[in-house]
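Q: So that we are looking at the same thing, I have put the structure below in structure tokens.
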Amino acid sequence: MSCLANISQVAETLKQKSNSRGLKLEPISVNKLDAKFREGILARMEGEDLKRCLGCGTCSAGCLVREVDKNYNPRQIARRVLLGMKDYFKEKPEIPYSCNLCELCQKTCPYGVNIGELCLVLRELLVEAGIGPLPAHKVINDDVEWALSPTFALSLPDPDAAKCKRAFFTGCNLPAYSPSLTMATYDYLREKLPGTGIILRCCGAPYHGLGEHSLFKETMGGLEHEMSKLGASELIVPCPDCYRTLKRATPSFELKTLYEVLVEVGVPQLLQNGHATFSLHDSCTARWEANFQDSVRELVKLSGHEIEELPHSRELTLCCGQGGLILPLNPMRVFSLTKERVAEAHFDMLAYCAVCRETLSVHKPSLHVLDLLFNPNWEKDMRKPPNKPSVRKDNQSLLKSLLMERGRTA
703 MSCLANISQV AETLKQKSNS RGLKLEPISV NKLDAKFREG ILARMEGEDL
753 KRCLGCGTCS AGCLVREVDK NYNPRQIARR VLLGMKDYFK EKPEIPYSCN
803 LCELCQKTCP YGVNIGELCL VLRELLVEAG IGPLPAHKVI NDDVEWALSP
853 TFALSLPDPD AAKCKRAFFT GCNLPAYSPS LTMATYDYLR EKLPGTGIIL
903 RCCGAPYHGL GEHSLFKETM GGLEHEMSKL GASELIVPCP DCYRTLKRAT
953 PSFELKTLYE VLVEVGVPQL LQNGHATFSL HDSCTARWEA NFQDSVRELV
1003 KLSGHEIEEL PHSRELTLCC GQGGLILPLN PMRVFSLTKE RVAEAHFDML
1053 AYCAVCRETL SVHKPSLHVL DLLFNPNWEK DMRKPPNKPS VRKDNQSLLK
1103 SLLMERGRTA
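Here our numbering runs 702 ahead of the position in the sequence shown, where the first position is 1.
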């Protein structure tokens, strides 16, 4: 009874706050409020003190998804969870699956409340209830299964070294963007750091993002197994999403970003393509990773180019539009999000995430930072549209074939 009274108090307080701001909240039947639902979510958020939410709306005011789609409202998500509106998210599962998981709300919130983390927990609950992932997400799961299948997955030691000290973890998207760029990067790592192996496979981030915790745990176990087979203790990661996912899963091996490694070993001989200025897009998954942000900026400088800092950069960066796996549910929403993002740029775009590069290129010429180091045709390739799904898979398969052929002839 006390729990129910407490929820009713919260509802009345929120109603009063809302009325004082001239807002309207829909009437809610007390019978639809479940304190256990609220407390269960708070327990899962592991230190995310959602109860400190003031309902001030700062999260909604700064949310790019909210700006292009008024049906999505981070403040209302928090409110409904605090009220214990369990059935609401079962009836509208697309709401938590609309979040970019970019965590800008956590940066701007006076109390650091992370609505992205809340949406992730809601997704996990929807999966456990047999509602999530949604039918539109099948294409994502199919892609992950492909990236974990023998068609792409591969682990190889350095063919020129007797021992594997570290491994270059390509992830799914860099090979799908450019197998030649991935191979050139790996060759350079082997040259500078003998004993560097390579692992092709998915890190499991899509499973994690969709709320499929058991599948993600299984995928992480597979990566741990591959590292153990190679005898490697360090993983070099180019993808910010892979890095964030693996870091938060607390692996047994050391993680390093590819870009900090390249700064340490020195950049390759400069490509003779002249001097350019780029608008640098910081990936939202690197929001809290100064090592990513600083290393990329240093690499651009060392490569002889300059960058324009966007109004929203580093910890205040905006998502490219594809974060949170929202594309299958509403492609036009992603199109609008990306358009808003590139509107800040006065120059051609530069990214250090392959998905960001592909997404931004829909609206503006774009490059991956590795293009400036290893692709002599970057000026031409900057205007290439994003690869079609079939081309992405062909590229992934090609990279594996090239690596296996090298292994046979080594």
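Every residue gets a Cβ at the ideal spot worked out from N, C-alpha and C, and that includes glycine.
(1) Distance, Cα to Cα, N775 vs Y799?
(2) Can you name, in chain order, every residue of its own chain whose Cβ lies under 7 Å from the Cβ of P1013, other than the five neighbours on each side?
(3) Do L917 and Y909 have their C-beta atoms within less than 8 Å of each other?
(4) Beta-carbon separation of L828 and F791 under 8 Å?
(5) Taking only the alpha-carbon atoms, compute the straight-line gap between R868 and I900 and give it to the nearest angstrom.
(6) Across the stretch 799–813 and the stretch 986–996, are there enough close Cβ pairs to call them in contact, namely three or more that are closer than 8 Å?
(7) Hey, quick one: how far does the alpha helix (DSSP H) through G911 stretch, first residue to last?
(8) Between E1010 and T979, is the Cβ-Cβ spacing less than 8 Å?
(9) Among all the DSSP beta bridges, which residues are the ones paired with M1051?
(10) Between which two residues does the beta strand (DSSP E) harbouring G899 extend?
(11) Starting from the N-terminal side, write out each stretch of the alpha helix (DSSP H) that is 4 residues or longer and does not extend beyond the stretch 918–1004.
(12) Exposed or buried, what is A780 when buried is set at 16 or more other beta-carbons lying within 10 Å of its beta-carbon?
(13) How would you label P795, buried or exposed, when you count the other beta carbons within 10 angstroms and need 16 or more for buried?
(14) In its own chain, which residues sit with a C-beta less than 7 Å from the C-beta of S762, not counting the 5 before and 5 after it?
(15) Taking C-alpha atoms, which residue in P1067, L912, F1076, P940 lies nearest to K840?
(16) Based on DSSP bridge pairs, tell me the residues matched to L856.
(17) How big is the Cα-Cα spacing for C733 and V783?
(18) Among all the DSSP beta bridges, which residues are the ones paired with R868?
(19) Could you tell me the boundaries of the beta strand (DSSP E) in which E769 lies?
(20) For E796, which of helix, strand or coil comes out of DSSP?
(21) Near L932, which residues of its chain fall below 7 Å by C-beta distance, leaving aside the five closest residues on each side in sequence?
(22) Under 8 Å by Cβ, that's how I've got S1005 and L982 pegged, so tell me the actual separation to the nearest angstrom.
(23) Just to confirm, are P940 and L1027 a CB contact at a threshold of 8 Å?
A: With the structure as the only source:
(1) Their backbone Cα atoms lie some 12 Å apart in a straight line.
(2) Only residues of its own chain outside the window of five on either side were considered, and among them E1046 have a CB closer than 7 Å to the CB of P1013, listed in chain order.
(3) Result yes, Cβ atoms of L917 and Y909 sit closer than 8 Å.
(4) If you check the CB distance, L828 and F791 come in under 8 Å.
(5) R868 and I900 have their C-alpha atoms spaced approximately 8 Å apart.
(6) Segments in contact, yes.
(7) G911 -> alpha helix (DSSP H) spans 907–912.
(8) Yes.
(9) Answer is S981, S1068, bridged to M1051.
(10) In the DSSP assignment, G899 falls within the beta strand (DSSP E) that extends over 898–902.
(11) Qualifying alpha helix (DSSP H) stretches, in chain order: 942–950, 960–967, 992–1004.
(12) Result: buried.
(13) It counts as buried.
(14) Here the set comprises R768, N775, P776, R777.
(15) Out of P1067, L912, F1076, P940, L912 has the C-alpha closest to the C-alpha of K840.
(16) Per DSSP, L902.
(17) This sequence places Asn at residue 733; Cys is not what is there. The straight-line gap from Cα to Cα measures roughly 15 Å.
(18) According to DSSP, R868 bridges with T898, E936.
(19) Counting along the chain, E769 falls outside any beta strand (DSSP E), though it belongs to the alpha helix (DSSP H) covering 766–770.
(20) E796 carries a coil assignment under DSSP once its states are collapsed to helix, strand and coil.
(21) If we look at L932 and ignore the five residues flanking it on each side, its Cβ neighbours are S857, P859, C866, A869, G899.
(22) Contact between S1005 and L982 does not hold, since the beta-carbon distance rounds to 13 Å and is not under 8 Å.
(23) Their beta carbons are not under 8 Å apart, which means P940 does not touch L1027 by this criterion.
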